Each structure stands twice: as C-alpha cells, then as structure tokens.
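**Q** Before I ask anything, here is the structure I am working with.
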Amino acid sequence: MMIKETSLRRDPDLRGELAFLAKGCDFVLPSRFKKRLKSFQQTQIQNKPEKKPGTPLPLPATSPSSPRPLSPVPHVNNVVNAPLSINIPRFYFPEGLPDTCSNHEQTLSRIETAFMDIEDQKADIYEMGKIAKVCGCPLYWKAPMFRAAGGEKTGFVAAQSFIAMWRKLLNNHHDDASKFIFLLAKPNCSSLEQEDFIPLLQDVVDTHPGLTFLKDAPEFHSRYITTVIQRIFYTVNRSWSGKITSMEIRKSNFLQTLALLEEEEDINQITDYFSYEHFYVIYCKFWELDTDHDLYISQADLSRYNDQASSNRIIERIFSGAVTRGKTIQKEGRMSYADFVWFLISEEDKRNPTSIEYWFRCMDVDGDGILSMYELEYFYEEQCERMETMGIEPLPFHDLLCQMLDLVKPATDGKITLRDLKRCRMAHIFYDTFFNLEKYLDHEQRDPFAVQKDVENDGPEPSDWDRFAAEEYETLVAEESAQAQFQEGFEDYETDEPASPSEFGNKGNKVLSAGLPEKCGKLHSVDEE
C-alpha cells in the first residue's frame, strides 16, 4: 500500500496508529497492516465533520513518495541542548551576598571626612576606634583594621592607605564574617589560625575597662590570650582543622559576642570566650597540677585532676594524640596549657558538641568511627576494678551494655556512632559510665525522672561549664579570703614581717598575685608545637 508523506504529516491519528502497530517490530511492512489501516481510515472519514462553505480544500500532493519504514517524530534539540545554568540564579556567595542598595562611595566619603578631624590625617590604634564606628563596625575591630592597613609597621595609618584598603574590602567582601577574616588573616589567606587572633585580643586586654587590673600583671596577658584563643577554636572550629573559615564564623556567635565587649564593662558577664573568671578557674586548675611550674603537665599530673576521677585508660588515650595537635604530647608525654583548656572544658561539660566529639575520639581506639562492644568493655574493665577496690559490686558488663544501648538507641545494633550520641542527648551519662567513676556513681544515685526532666528542658539554662566555672570561682575566692584573714591575724603577732603585697582591683586577682609567682615565666600565646 502506498502512503503519501503529506498524509502522515497532516494526520496525527494515523501516524499514532502506525506507531502503535509497529511497536516492538524491527521494521514495518505496509502490506502487513493493509486491512487495519483501511478500516482505520474509513472510521476517520465517517467521524470527520463536514466542511462549511467557503472552507479551502487541502492542497493535493504533487508527487507520491516511495514506501519506506516509518521513523519516530523528530524532537526539537535546541531546548534539550540549551545550557541549564543560564536559567539558574546564583545561590552560592562565599564572600557574602552583595548588597546592591549600598553606596560604597558615600561610605568612603565619610571615612575621608573622619580622617580630616585627625592630626595630619594619620590615625594611631586608639583613634582607629572612631574610624571603625564610621565604617559601621564594632569598636574592637580597630586592631584588625589598623593591622590590615599597614599600621603595625609604621605606628599609624594614613587616610589614603586606609581608604584604598577599605575600598578593596567593600568590593570583594560583603558580610561581616568575610570582612573579619580579610582584616585578621594573613595576606591571601581565607581562614584564621590561632596566632591571627593575638593582635585583636591584646587590644582587648589593653583597652577593655573590665581588664584594667591586668596592667599591673603583664605576665598574665599571654595566658589570658591563650585561654581565649583556645575557647574560640573549641567553640567555632567545628571541623577540628585548626583553621577557622568564614562559614564557621557565620554559624557561631563569636562576632556578636565580640560586639558585646563594647557595651558591657564587666567582662565577666560575657561568659562566652572572654570571661576573666573562667580564665582564672582554668589557670588555677592547671597550676595545681603543674607541680614543677614549667607550663607542661605529664600523664601522672593529669591523672591527679579531681582526685583521680578519670580512668588511666582514658588519660592514656588523651596522651596518644587522639585529641591534641603537635608532636610534643606524643614524643615527650607532656600536655601544654592550651591542650589542658580543651580537656577541662570537655571534662566538665560533656553535653557540648565539641566535648562529645572529644571523648568519642578518645574512646574510638581503632579509629573506625564506631564504638564497638569491645571498646566499651575495654574502658569498663577499669571501672569495675576501681569499684571492687572501693567495696562496690559492679554491674556485669552484659547488663550495663543493655542499659547503654537502651540509653543511646543506636541506628545499627551493636554499633554506636557519633551521630547516635549527639542525637540521644544523654552522652554525658554514657561517657561518665565508662571513664569517670565519681560522676558515674552520682548518676546512679540520682533520680531517673530528674535526669529525664533535664533532657526535656530546652530553656535557656546555663551550660554545665558555666555552672562549674561559677562554683569553682566562688570556692577559690572563699579559700583565698580565709587565707588572707589567717595572714592578717598572723601578722598581728609577727610585727616584724613586711606588709602583704598590694591587691588588684578585682576580687580574685590577689590569688593570681600571691599564689602564682612570677618565676613561672610567660606562657606562649598559642601552642607552638
């Protein structure tokens, strides 16, 4: 049967019927479907409405086409081959979302006007505070601004050099996190290392009204700065890389806390990162363990913390390098003050996400990312031995394991992952069970309903670390007050003794001046290992 090409083009129903008939065939023989096509065409003619008068007739075909296999309808390729990225708006802005409404030239004009009010249009680091406010930045950005504009080399910043630097910043960096890293990081670096924070924190020590008493104790400047840096990295550097990125700063509260320093004169009210009382507690705890005062503690020194509450096996894991940087702790078996800051916060606040990761790394002996039953038994064995020494009958490991699995509810039976521990919100009980005997016994004696109430409470409660630091600070101050009263009573009888050293303005500073002699030397601002 001969089928005209034009008829296929004009009759989609016929084309569809042929395609349906030929489905599954390698080729099509028109004679094979002659009867069915004839009946189909007759049906189409009967169903076709009559033409109205004046309707033009279809043009006759000029030449018949030879029979050939039918091919599928060609698709329009220009739509498929069009690049999809043209229609997708940009959604990733590593330097912040640009603000099209902002007028950079107006900002630069205000900066230029502010420099005109300064003698010779050269600002030192103290006058840089006014420039920071004109730029719309917090006061304590002044040190990074001063350094980024080259003021560290000359002692001042000229108007032209600062405006050129700020113009570059406005054109390439569009949010606070990106701008902060540009100002504080080394040239051509997109992340912050520990030593990058030293100029910023030294300016806080020198100028914040809540730290004026430290002017009389310069030997503690570097130790306070070390503590703050370690707390910043402990909270902000969630990747454990040792380098803080702009994304990590955006996800943290660091820039908001830094801005609070300008408004709050009592630095102890800012418990995140900068509290002097927290530094005081951490350093006193370290000083008690560091018997030779060389600013390093050994494995035996650390085991004495909190009356040997932590097991020897977990301390061995800490000194194995599982949670510390540098090679000193593995080669020489010594822990620096910077590493001790991480240990103390992790020990006293096991609900903190970084603390959960800290102790998971310690318990994951084989480093496979899973706490196996073997590893749990390995740490619980020492707990059992210590309880038997104290005359306490320990719970068999099988029974304890059932309790812990019910507590954590791991996604995979017999395998506890970091995700499981973070999700269960009972990681502090889990960890204390395996390597802190004192806290484990406290949990056993506590009302289980009270524990569940703590888990379900989502209110703005102070963290375990904040509570610990507040209690320890009050205890240390009370001990020092009692010691001072004893000294005063003793001096009434020993009139030949010289007067006691002058006290600082802060009530806890006399502990630092009297109990921590200057012979201990300065602590490095960062761990140089």
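Residue 1 is where the sequence shown starts when you use the UniProt record's numbering, and the numbers rise one by one after that. Ideal Cβ placement from N, Cα and C applies to all residues, glycine included. Here the structure is a predicted model, which is why all the values come from computation and not from measurement.
If distances are taken between C-alpha atoms only, which option among GLU95, LEU405 and GLY391 comes closest to PHE397?
**A** Considering only alpha carbons, the answer is LEU405.
**Q** Excluding the five sequence neighbours on either side, which residues of its own chain have a C-beta within less than 6 angstroms of the C-beta of HIS104, listed in chain order?
**A** Closer than 6 angstroms at Cβ, skipping near neighbours: LEU170.
**Q** Between the Cα of VAL204 and those of PHE430, TYR224 and SER190, spot the shortest distance and give me the residue it belongs to.
**A** For VAL204, the nearest C-alpha among the options comes from TYR224.
**Q** Pick out whichever of TYR358, LEU344, ILE111 and ALA132 has its Cα sitting closest to the Cα of PHE468.
**A** For the residues TYR358, LEU344, ILE111 and ALA132, the minimum Cα distance to PHE468 belongs to LEU344.
**Q** To the nearest whole angstrom, what separates the beta carbons of SER275 and ILE181, a pair I think is in contact under 8 angstroms?
**A** Contact doesn't hold; Cβ gap of about 24 angstroms is too wide.
**Q** Of all the alpha helix (DSSP H) runs that stay within the bounds of the region 260-324, which reach a length of 4 or more residues?
**A** The qualifying runs are 276-289, 299-303 and 312-317.
**Q** Tell me the rounded alpha-carbon separation between PRO98 and ALA177.
**A** In a straight line, the C-alpha of PRO98 is about 13 angstroms away from that of ALA177.
**Q** What beta strand (DSSP E) runs, 3 residues minimum, are completely inside the region 380-428?
**A** The qualifying runs do not exist here; there are none.
**Q** Can ASN188 and GLU95 be called in contact, C-beta distance under 9 angstroms?
**A** Contact flag unset, no.
**Q** Quick one: what does DSSP say LYS122 is sitting in, helix, strand or coil?
**A** In the structure shown, LYS122 sits in a strand (DSSP, three-state: E or B).
**Q** Secondary structure at ASN436, three-state DSSP: helix, strand or coil?
**A** Here ASN436 sits in strand by DSSP.
**Q** On the DSSP bridge assignment, give the partners of VAL157 in chain order.
**A** In the DSSP output, where bridge partners are listed per residue, VAL157 has ALA123.
**Q** Tell me the rounded alpha-carbon separation between GLY210 and PHE286.
**A** Distance between the alpha carbons of GLY210 and PHE286 is about 23 angstroms.
**Q** Any idea what DSSP makes of ILE244, helix, strand or coil?
**A** Of the three classes helix, strand and coil, the one that applies to ILE244 here is strand, per DSSP.
**Q** Express the C-alpha separation of GLN483 and ASP496 in angstroms, rounding to a whole number.
**A** The predicted position of ASP496 is uncertain, since its pLDDT is 46 and thus under 50; a value taken from the coordinates is nonetheless stated next. Their Cα atoms are separated by approximately 19 angstroms.
**Q** Hey, out of ILE232, GLU263 and LEU258, whose CA is closest to GLU248's CA?
**A** GLU248 has its Cα closest to that of ILE232, out of ILE232, GLU263 and LEU258.
**Q** Using DSSP's beta-bridge definition, name the partner residues of SER191.
**A** DSSP lists no partner for SER191.
**Q** Give the single residue among ARG304, TYR305, ASN306 and GLY333 whose Cα lies nearest to the Cα of ARG317.
**A** Of ARG304, TYR305, ASN306 and GLY333, the residue nearest in Cα terms is GLY333.
**Q** Three or more C-beta pairs under 8 angstroms: does that hold for the region 146-160 against the region 115-128?
**A** Judged by Cβ distances under 8 angstroms, the region 146-160 makes contact with the region 115-128, as three or more pairs qualify.
**Q** Roughly how many angstroms lie between the CA atoms of LEU395 and ARG423, to the nearest whole one?
**A** Answer to the nearest angstrom: the Cα atoms are 26 angstroms apart.
**Q** Which first and last residues belong to the alpha helix (DSSP H) in which SER222 is found?
**A** Segment 221-236, the alpha helix (DSSP H) holding SER222.
**Q** Starting from SER252 and walking both ways along the alpha helix (DSSP H), at which residues does that stretch end?
**A** Segment: none, SER252 is in no alpha helix (DSSP H) and carries neither H nor E.
**Q** Would DSSP call LEU371 helix, strand or coil?
**A** Residue state, collapsed to three classes: strand.
**Q** Does the distance from the C-beta atom of HIS174 to that of PHE93 stay below 9 angstroms?
**A** In this structure, PHE93 lies closer than 9 angstroms to HIS174 by Cβ.
**Q** Please report the residue range of the beta strand (DSSP E) in which SER102 lies.
**A** Here SER102 belongs to no beta strand (DSSP E), and DSSP marks it neither H nor E.
**Q** Any Cβ of chain C within less than 9 angstroms of the Cβ of GLN485?
**A** Although the question refers to chain C, the structure presented lacks it and comprises just one protein chain.
**Q** Opposite SER336 in the DSSP bridges: which residues?
**A** Answer by DSSP bridge pairing, in chain order: TYR296.
**Q** Identify, in the order they occur along the chain, each residue of the same chain with its Cβ nearer than 6 angstroms to the Cβ of ASP339, setting aside the five sequence neighbours on each side.
**A** Around ASP339: THR324.
**Q** In terms of residues, what are the limits of the alpha helix (DSSP H) holding GLY150?
**A** That residue, GLY150, is in no alpha helix (DSSP H); it is neither H nor E in DSSP.
**Q** Out of curiosity, what's the CA-to-CA distance linking LEU418 and ILE88?
**A** When rounded, the distance between both Cα atoms is 36 angstroms.
**Q** From ILE229 to LYS243, what distance separates their C-alpha atoms?
**A** Cα-Cα distance, rounded: 12 angstroms.
**Q** So, for ARG238: in the same chain, excluding its five sequence neighbours on each side, which residues have a beta-carbon less than 7 angstroms away from its beta-carbon?
**A** For ARG238, where only same-chain residues beyond five positions count, the Cβ hits under 7 angstroms are GLU248.
**Q** Among the residues of its own chain, which have a CB less than 6 angstroms from the CB of GLU377, if the five just before and after it don't count?
**A** Closer than 6 angstroms at the Cβ level, and outside the excluded window around GLU377, lie PHE397.
**Q** Where ALA164 and ILE131 are concerned, what is the direct C-alpha to C-alpha distance, given to the nearest angstrom?
**A** The alpha-carbon atoms of ALA164 and ILE131 are separated by roughly 14 angstroms.
**Q** With a CB to CB cut of under 6 angstroms and the five nearest residues on each side skipped, what residues in its chain are close to PHE434?
**A** Counting only Cβ-Cβ distances below 6 angstroms, and skipping sequence neighbours, we find PHE379 and TYR380.
**Q** Identify whether residue 566 lies in helix, strand or coil by the three-state DSSP scheme.
**A** Nothing can be reported for residue 566: it is not among the residues displayed for the chain, which extend from 1 to 529.
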